[in-house]
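So in the numbering used here, spot 31 of the sequence shown is number 129, and the numbers just go up one at a time. Glycine included, each C-beta is placed from N, C-alpha and C at the ideal position. All figures in this text were calculated on a predicted structure; none of them were measured in a lab. Reading through the structure tokens given below for one structure.
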Amino acid sequence: MDLRSLPDGLSPQQRCDERRRRIEQESGADLSFTQEKDERIGQADEKNCEQMFGSVPLPVGYAGPLTFTGSSGEKTTVHLPLATTEGALVASVNRGCKVLSETNVHTDSVHHGITRSLAFAVGDNADAHVPKTDDESANGVRSFIVELGVKSTEWKQIAQSTSNHLRVISHDVDAWDSTVFLTLAFDTDEAMGMNMATIAAQAVAEWIVEHMTEHSPRLLTVAGNVDSDKKPSKRTHDKGRGYEVTAEALLPAALIRDVLKTSATAMKAVAEAKLEKGSVIAGAIGSNLHAANIVAALYLATGQDAAHTVEGSLTDTTVERKGEDLLVKVRLPAVLVGVRGGGTALPAQHQCLQLLLGKQSSLHPKKQLAETIGAAVLAGEISLLAAQANHSLASAHKKHAR
99 MDLRSLPDGL SPQQRCDERR RRIEQESGAD LSFTQEKDER IGQADEKNCE
149 QMFGSVPLPV GYAGPLTFTG SSGEKTTVHL PLATTEGALV ASVNRGCKVL
199 SETNVHTDSV HHGITRSLAF AVGDNADAHV PKTDDESANG VRSFIVELGV
249 KSTEWKQIAQ STSNHLRVIS HDVDAWDSTV FLTLAFDTDE AMGMNMATIA
299 AQAVAEWIVE HMTEHSPRLL TVAGNVDSDK KPSKRTHDKG RGYEVTAEAL
349 LPAALIRDVL KTSATAMKAV AEAKLEKGSV IAGAIGSNLH AANIVAALYL
399 ATGQDAAHTV EGSLTDTTVE RKGEDLLVKV RLPAVLVGVR GGGTALPAQH
449 QCLQLLLGKQ SSLHPKKQLA ETIGAAVLAG EISLLAAQAN HSLASAHKKH
499 AR
């Protein structure tokens, strides 16, 4: 089935329609509900999705308003577009926003940058007919690592020459036998930057292979998994990736009683069982209630890479008693977002992104977006914790999700 050889002069909608016609003819399936209009396709057919034949409508619900004080010290009010098919999710986050509107929410963030980890085989191209001892191999790896540091200024310049909007902010080196991993962290300005990072990393790899020949490095892959892109890992959980975001709020006892319909004692008991014990028994990396729900819904609505939700699942939620009150905190070690590029330029996603960003603070817009997501996750965590504490979770799903 050929979906690429299409007549010249077709509009995006016509190209999608023709592909869909061919797929229906080949498969016998009815795909009529995936039809989309030109003005809603935007650049997707050319830049975001190969062999596009339509789109799948995804409901978007509103939660908010949500007010928080960001790391700049400015108070910001935002509105949350949540793209989801999970009944009760939007209602739950909306309740969390209501709770947080009656107390003070503070967010903070650290920018670790987007990462790519190159993997090199060191020394296995030279004198291959002469076996190397373990000591010789280890010495070769060590000297290669030393020279990577010595020549870091040069290969960083190579990386930064690939884009005016990319800067190397740090690097790490790991080794396993004769395999050396060079993990590069980049500031990619307003873009999430995974593609930019990959292009820059490839350029660095080629330079290293060409200019460090005495170590006979051979590039194995431009993506060696130490960066753990779109995968859960303890390294990402512990060290952070993209933006590491924290958000916290003190919940007065009266607010817990009147709005959440439970008590600090009950919420703390659930937190101890679920977050401090259940997660440990399961061997979880990250202990939270449903952070990925909120991350996924906001990513989908605003054109982020939805696969990075897996890093959002690494969130830690902690609950502390402060007398009769509760201090609830969330730490998201890896919020990977952009305000330019990828799906953010698609018409509907762009509008939802503007809604979520709201009035621009003095923060970099990408940093503001990351902290907004952190505050939204806090709202969702508090609401679900209360629902489990007063045993209303099942009834809420029965009411909203059937």
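- Sequence-distant partners of residue 334 (beyond 5 residues in either direction) whose C-beta falls short of 7 Å from its own C-beta, in its chain, are 326, 409, 412, 431 and 432.
- Looking at the DSSP output, residue 438 bridges to 289.
- Contact between the region 240-259 and the region 363-382 is not established, with fewer than three Cβ pairs separated by less than 8 Å.
- For residue 444, there is no enclosing beta strand (DSSP E), as DSSP marks it with neither H nor E.
- Taken in chain order, the complete alpha helix (DSSP H) segments of 4 or more residues contained in the region 244-292 are 250-258.
- The Cβ atoms of residue 479 and residue 389 sit closer than 9 Å to each other.
- In the DSSP assignment, residue 431 falls within the unbroken beta strand (DSSP E) covering 423-433.
- Under the DSSP definition of a beta bridge, residue 212 partners with 284.
- In the structure shown, residue 320 falls within a coil segment according to DSSP collapsed to helix, strand and coil.
- In this structure, the CA atom of residue 295 is about 46 Å from the CA atom of residue 493.
- Here the alpha carbons of residue 429 and residue 305 stand approximately 38 Å from one another.
- Approximately 6 Å separates the beta-carbon atoms of residue 221 and residue 313; this is inside 8 Å, confirming the contact.
- Boundaries of the alpha helix (DSSP H) harbouring residue 333: 332-337, taken from the DSSP string.
- Following the DSSP letters along the chain, one finds residue 346 inside the beta strand (DSSP E) bounded by residues 340-349.
- In this structure, the beta-carbon distance from residue 161 to residue 188 falls below 9 Å.
- When the five nearest sequence neighbours on each side are left out, the beta carbons in the same chain lying within less than 6 Å of the beta carbon of residue 399 are those of 158, 179, 181 and 450, in order along the chain.
- Between residue 416 and residue 427, the C-beta spacing is below 9 Å.
- Per DSSP, residue 181 is one residue of the beta strand (DSSP E) stretching across 173-181.
- Bridge partners of residue 137 according to DSSP: none are assigned.
- Residue 473 carries a helical assignment under DSSP once its states are collapsed to helix, strand and coil.
- When DSSP states are grouped into helix, strand and coil, residue 239 belongs to the helix group.
- With contacts defined as CB atoms closer than 9 Å, residue 460 and residue 414 fail to qualify as a contacting pair.
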